[in-house]
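Residue numbers (this note's numbering), protein chains in the order written: chain D, 59 to 280; chain C, 59 to 280.
Where is the CB? At the ideal position from N, CA and C, for every residue including glycine.
See below for the structure under consideration.
Protein chains: 2
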Amino acid sequence: MKTQSSKILSRRSRPAKAPLSVDAILSAALDILTREGLEGLSLRKVAAALDTGPASLYVYVDNLDSLLALMLDRALGKVVIPSRAKGGWRERLSTLLHSYLKVLLSIPGLGQLALTTMSSGQNSLRGLEAVLGLLREGGIDDDRVAWAADMLSLQVVAVAAEQDARRRQADPLDSFEQTLNAISARTHPNIHALREKLFLGTPRERIRWAIDVLINGILHTP
Amino acid sequence: MKTQSSKILSRRSRPAKAPLSVDAILSAALDILTREGLEGLSLRKVAAALDTGPASLYVYVDNLDSLLALMLDRALGKVVIPSRAKGGWRERLSTLLHSYLKVLLSIPGLGQLALTTMSSGQNSLRGLEAVLGLLREGGIDDDRVAWAADMLSLQVVAVAAEQDARRRQADPLDSFEQTLNAISARTHPNIHALREKLFLGTPRERIRWAIDVLINGILHTP
DNA sequence: ACCTGAACACCGTTCAAGT
DNA sequence: ACCTGAACACCGTTCAAGT
């Protein structure tokens with residue numbers, strides 16, 4: 059019980075306590091996500107960070123899942139949608155998707171989240187709207203546009219989610235890489251031959267190539 | 059090992075109790091996953107299904123994460139790798155990826171699992187080895203093969219994981235679809251125009267097109 | 001070596017009660 | 001309307017103790 063109602067001194071002794079709101083909850087939650095990842099996030103920790111009990115959050119949020127969806131959409135507000143002046147449709151599409159990936163990689167767990175929750179928040183919709191528009195601008199017929207947009211965003215999200223999964227493993231000396239490097243040339247000749255190429259490149263380089271592959275593929279497939 | 063030692067009567071009083079083993083644990087766990095999905099799975103339920111306490115499982119399994127990785131790899135044993143006689147590399151690659159998707163969709167939560175855990179089990183490796191081999195057979199140079207294999211499997215896994223996420227939402231009348239259908243033509247003209255096409259097709263039809271797009275794109279992108 | 005009861009340190013969610 | 005203490009029904013994991 060910390061409410062001293064009208065006292066000024068009480069404010070000074072507790073200067074940071076803001077009133078609860080969806081916004082404050084989202085900020086606190088994204089803070090925890092940034093610092094501790096998806097594993098470290100819990101409703102109870104969010105409540106504790108806001109100096110209250112877990113039950114209090116249910117006034118503003120339906121449940122954990124919907125909190126996660128709100129967090130994702132708030133984070134997606136940082137995705138930059140290039141203006142029409144910034145080049146051709148293909149260049150702008152690529153820029154947009156790179157921005158999307160950058161945002162998803164900027165906070166751990168966001169990739170996983172994007173794949174798990176079907177966000178229909180305003181920022182998700184803004185992104186979808188833009189991708190659909192750019193593909194249509196590129197002259198791709200409407201039957202392909204819907205599936206193409208799905209593939210493109212899925213690829214970005216999947217790369218981010220995979221990166222999250224990789225980060226989550228703090229095994230001694232990257233055990234997955236170790237395993238692949240130790241693969242026998244007799245039983246798995248292709249893995250063995252390509253073992254060095256399998257881990258080449260950053261997520262950014264990979265997504266650049268992936269986007270090219272996808273756009274070229276979409277243009278060449280009826 | 060089904061050692062029932064010597065007593066017959068003890069078996070009759072406890073007829074179903076098999077001795078613990080990694081195999082029995084995996085079977086019980088996959089059973090629960092099939093019936094209740096990833097949300098419904100817990101170490102404690104697996105233990106209960108095997109008529110023991112949760113602590114007992116730790117003799118056979120490091121922790122929940124490694125149990126999940128073992129479950130995934132066991133399930134991937136059902137993926138069919140087409141023999142060399144079954145057609146050209148492209149056809150065989152497509153068949154393999156379809157089989158992969160089919161397996162991932164056959165048990166709820168498997169798609170999510172495949173994306174979350176970096177399995178280096180024998181069946182994952184068998185699949186990777188085959189995909190690498192087929193791409194090389196197709197004349198794709200080694201620099202592209204590694205990334206291409208990654209893209210292809212990521213696409214399959216992402217489609218399965220997305221399907222899982224969609225299944226997990228039992229919202230009244232598919233709220234995501236509802237939301238998109240209700241989008242204003244003024245603020246989101248492209249979404250509005252394509253609203254019917256966005257949900258067209260089964261995962262199987264989509265993955266068929268996606269695989270074509272990816273292979274065509276890979277062939278056309280240096 | 002294998003198994004387990006009990007405990008530890010957590011969860012999300014609900015609900016009656018307070019303001 | 002907003003907030004909360006307390007409880008409920010769960011979790012994964014550890015550990016001393018048993019066989």
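Using a C-beta cutoff of 9 Å, does residue i count as contacting chain D?
{"i": "C:Ala133", "result": "no"}
{"i": "C:Pro230", "result": "Any reading at C:Pro230 must be qualified, since the residue scores a pLDDT of 49, below 50, and its modelled position is unreliable; the value itself is stated next. It does not; no Cβ of chain D falls within 9 Å."}
{"i": "C:Glu220", "result": "yes"}
{"i": "C:Gly167", "result": "no"}
{"i": "C:Asn181", "result": "no"}
{"i": "C:Trp205", "result": "yes"}
{"i": "C:His278", "result": "yes"}
{"i": "C:Leu252", "result": "yes"}
Looking only at its own chain, which residues have a Cβ that is under 8 Å from the Cβ of residue i, when we skip the five neighbours before and after it?
{"i": "C:Leu159", "result": "Val214, Val217, Ala218, Pro261, Arg262, Ile265"}
{"i": "C:Val80", "result": "Tyr118, Val119, Leu128"}
{"i": "D:Thr175", "result": "Asp123, Leu126, Ala127, Leu130"}
{"i": "C:Arg253", "result": "Leu238, Asn239, Ile241"}
{"i": "C:Leu101", "result": "Pro112, Leu115, Leu122, Leu125"}
To the nearest angstrom, report how far apart residue i and residue j are at their CA atoms.
{"i": "D:Lys103", "j": "C:Leu210", "result": "38 Å"}
{"i": "C:Leu154", "j": "C:Gly146", "result": "12 Å"}
{"i": "D:Gly275", "j": "C:Ala133", "result": "31 Å"}
{"i": "C:Phe257", "j": "C:Leu272", "result": "21 Å"}
{"i": "C:His246", "j": "D:Arg194", "result": "14 Å"}
{"i": "D:Ser157", "j": "D:Ser177", "result": "18 Å"}
{"i": "C:Ile198", "j": "C:Ala204", "result": "10 Å"}
{"i": "C:Leu192", "j": "D:Arg226", "result": "31 Å"}
{"i": "D:Leu151", "j": "D:Val189", "result": "7 Å"}
{"i": "D:Asp208", "j": "D:Glu97", "result": "28 Å"}
{"i": "D:Ile241", "j": "C:Asn181", "result": "13 Å"}
{"i": "D:Ser141", "j": "D:Ala206", "result": "21 Å"}
{"i": "D:Ile139", "j": "D:Leu186", "result": "11 Å"}
{"i": "D:Leu277", "j": "C:Asp270", "result": "11 Å"}
{"i": "C:Leu168", "j": "C:Leu162", "result": "5 Å"}
{"i": "C:Arg224", "j": "D:Gly179", "result": "16 Å"}
{"i": "D:Arg184", "j": "C:Ile83", "result": "46 Å"}
{"i": "C:Ala143", "j": "D:Ala251", "result": "24 Å"}
{"i": "C:Leu280", "j": "D:Gly259", "result": "Checking the sequence shown, residue 280 of chain C turns out to be Pro, not Leu. Answer to the nearest angstrom: the Cα atoms are 15 Å apart."}
{"i": "C:Lys255", "j": "D:Tyr116", "result": "37 Å"}
{"i": "D:Leu88", "j": "C:Leu88", "result": "34 Å"}
Residues in its own chain within less than 6 Å of residue i by CB, not counting five upstream and five downstream?
{"i": "D:Ser64", "result": "Bear in mind that a pLDDT of 28 at D:Ser64, under 50, signals an unreliable position, so the model cannot answer this."}
{"i": "C:Ala268", "result": "Gln213"}
{"i": "D:Arg93", "result": "none"}
When burial is assigned at 16 or more other CB atoms within 10 Å of the CB, is residue i buried or exposed?
{"i": "C:Pro230", "result": "In this prediction, C:Pro230 has a pLDDT of 49, which is less than 50 and means its spatial position is unreliable; nothing more can be read from the coordinates."}
{"i": "C:Gln236", "result": "exposed"}
{"i": "C:Gly135", "result": "exposed"}
{"i": "C:Ser124", "result": "exposed"}
{"i": "D:Ser233", "result": "exposed"}
{"i": "D:Asn248", "result": "buried"}
{"i": "C:Ala243", "result": "exposed"}
{"i": "D:Val137", "result": "buried"}
{"i": "C:Asp201", "result": "exposed"}
{"i": "C:Pro166", "result": "buried"}
{"i": "C:Ser164", "result": "exposed"}
{"i": "C:Asp222", "result": "buried"}
{"i": "D:Gly12", "result": "With chain D covering only 59 through 280, there is no way to say anything about residue 12 of chain D."}
{"i": "C:Ala172", "result": "buried"}
Kindly indicate if chain C contains any beta-carbon less than 9 Å away from that of residue i.
{"i": "D:Thr175", "result": "yes"}
{"i": "D:Ser178", "result": "yes"}
{"i": "D:Met287", "result": "Residue 287 of chain D falls outside the range modelled here, since chain D spans only 59 to 280, and no answer is possible."}
{"i": "D:Val80", "result": "no"}
{"i": "D:Ser233", "result": "yes"}
{"i": "D:Ala268", "result": "yes"}
{"i": "D:Glu94", "result": "no"}
{"i": "D:Glu149", "result": "no"}
{"i": "D:Ile139", "result": "no"}
{"i": "D:Pro261", "result": "no"}
{"i": "D:His246", "result": "yes"}
Keeping to the same chain, check which residues put their C-beta closer than 7 Å to that of residue i; ignore five residues upstream and five downstream.
{"i": "D:Ser114", "result": "Leu78, Ala105"}
{"i": "D:Arg148", "result": "Gly196, Ile273"}
{"i": "D:Ala86", "result": "Val104, Ala107, Leu108"}
{"i": "D:Ile90", "result": "Gly98, Leu99, Lys103, Val104, Ala107"}
{"i": "C:Gln170", "result": "Leu96, Ala219, Asp222"}
The ligand MG and residue i: does any heavy atom of the ligand fall closer than 8 Å to the residue's C-beta?
{"i": "C:Leu151", "result": "The ligand MG is absent from the structure shown, which contains no ligand whatsoever."}
Could you give the uninterrupted runs of the alpha helix (DSSP H) lying entirely in the stretch 148 to 203 of chain D, keeping only those of 4 residues or more?
Runs of the alpha helix (DSSP H) inside the stretch 148 to 203 of chain D: 168 to 174, 180 to 195.
For the stretch 76 to 149 of chain C, list the alpha helix (DSSP H) runs that are entirely contained and at least 4 residues long, ordered along the chain.
Counting whole runs of 4 or more residues, the stretch 76 to 149 of chain C contains the alpha helix (DSSP H) stretches 80 to 98, 101 to 107, 122 to 134.
Mind pulling the beta strand (DSSP E) runs of 3 or more residues that sit fully within the stretch 211 to 246 of chain C?
Not a single unbroken stretch of the beta strand (DSSP E) spanning 3 or more residues falls wholly within the stretch 211 to 246 of chain C.
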